[in-house]
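Residues 38 to 303 (this note's numbering) make up the sequence shown, in order.
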Amino acid sequence: MNIRDFTFDDYEALLDGALENGYRFYTLREYISNDEHETPCVVVRHDVDRKVATALEMARVEADRGIATTYYFRTSTFSPETVREVEGRGHEVGYHYEDLVKTRGDLEAAHERFATNLARFRQHADVRTICPHGSPLSPHHNLDMWNGERTLEEYGLIGEAYLSMDTNTADPERPSYVSDTGRAWGTSLPGFGRVETTDDLIAAFGSGSCDQFCLLVHPGRWSRTPSEQVQRVAWDLVAEAGKATAKAVHSANRSKLPSVTTGRFR
38 MNIRDFTFDD
48 YEALLDGALE
58 NGYRFYTLRE
68 YISNDEHETP
78 CVVVRHDVDR
88 KVATALEMAR
98 VEADRGIATT
108 YYFRTSTFSP
118 ETVREVEGRG
128 HEVGYHYEDL
138 VKTRGDLEAA
148 HERFATNLAR
158 FRQHADVRTI
168 CPHGSPLSPH
178 HNLDMWNGER
188 TLEEYGLIGE
198 AYLSMDTNTA
208 DPERPSYVSD
218 TGRAWGTSLP
228 GFGRVETTDD
238 LIAAFGSGSC
248 DQFCLLVHPG
258 RWSRTPSEQV
268 QRVAWDLVAE
278 AGKATAKAVH
288 SANRSKLPSV
298 TTGRFR
């Protein structure tokens, strides 16, 4: 966990580093809608789990640089005013769904809830892609909603963040997935090495070792002021400890569930 990293100064430096090294920014919707992409390129996905004000500030910082990214809102972080501003600044707005967890694994009820929430979101934003919210305190995975006969197409969706974008850090032909989960980027890039800090990631942009990135950036992990940074670090320390405990508690239960997805949930 990087205590001094993940400030807005770091984030602005990250964006500038990508631009200075010729990276083209795509929203998730843009990326999966096109078979060919300009390279080098980066897709930035924001899971707005909390701290909506921070997400709005990130959207402004990006828009000031002509950058468009994707913001996934939970029902708890969604508001008409927020998504209108984010979309109005050129960003994509999507649904950060958690319906299977909220219905305690009831698939039919989950799809009913999903349809209701998606319709609500679409009253205020053009939602075409979705992303599951990770719930470490639950034995259910929201992505398992799509293991049955129901499809994205029947909801008028063109993509799902994990199902529709094929990432593989070890394969130079596919985007490298890098996440700020745990206050560390925590990955190794072939031809570059270990990436832990934001400075490491900026250096990777300049190294020429990877020409496609998919970055997961949680606005709630980033701080605008020193006091916010103290709060963020304290929150993350508690949250990561809780996740570790929850994973241990649920590991046995998850192994007994049918059709459990073992993909990344952050």
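By construction, the Cβ of each residue, glycine as well, lies at the ideal position given by its N, Cα and C atoms.
Closest to Phe62 by CA distance: which of Gly193, Ala100 and Asp42 is it?
Ranking Gly193, Ala100 and Asp42 by Cα distance to Phe62 puts Ala100 first.
Taking 9 Å as the cut-off, decide whether the C-beta atoms of Gly131 and Phe110 are in contact.
A contact, by the Cβ cut-off of 9 Å.
Taking the alpha-carbon positions, what's the Gln249 to Asp181 distance?
Straight-line Cα distance between these residues: approximately 27 Å.
With C-beta atoms as the reference, is Thr235 less than 9 Å away from Trp222?
Cβ atoms of Thr235 and Trp222: closer than 9 Å.
Relative to the C-alpha of Tyr214, which candidate in Ala50, His170 and Leu253 has its C-alpha closest?
Minimum Cα distance to Tyr214 is reached at Leu253.
DSSP three-state label for Gly230, please.
Strand.
Which residues in the same chain as Thr232 place their Cβ atom closer than 8 Å to its Cβ, once the five residues preceding and following it in sequence are excluded?
It is worth fixing the name first, because residue 232 is Val in this sequence and not Thr. Same-chain partners within the cutoff: Val215, Trp222, Gly223, Thr224, Ser225, Leu226, Leu238 and Ala241.
Selected residue, minimal CA-CA separation from Glu191, among Leu155, Arg211 and Glu118:
It is Leu155 whose Cα lies nearest to the Cα of Glu191.
Alpha-carbon spacing of Met38 relative to Pro77, whole angstroms
One C-alpha to the other measures close to 28 Å.
Using a Cβ distance threshold of 8 Å, determine whether the segment 77-91 contacts the segment 134-149, with at least three qualifying pairs required.
As far as the Cβ criterion goes, the segment 77-91 does not touch the segment 134-149, which means the pair count is below three.
Can you tell me where the beta strand (DSSP E) holding Gly171 begins and where it ends?
No beta strand (DSSP E) holds Gly171; DSSP gives it neither H nor E.
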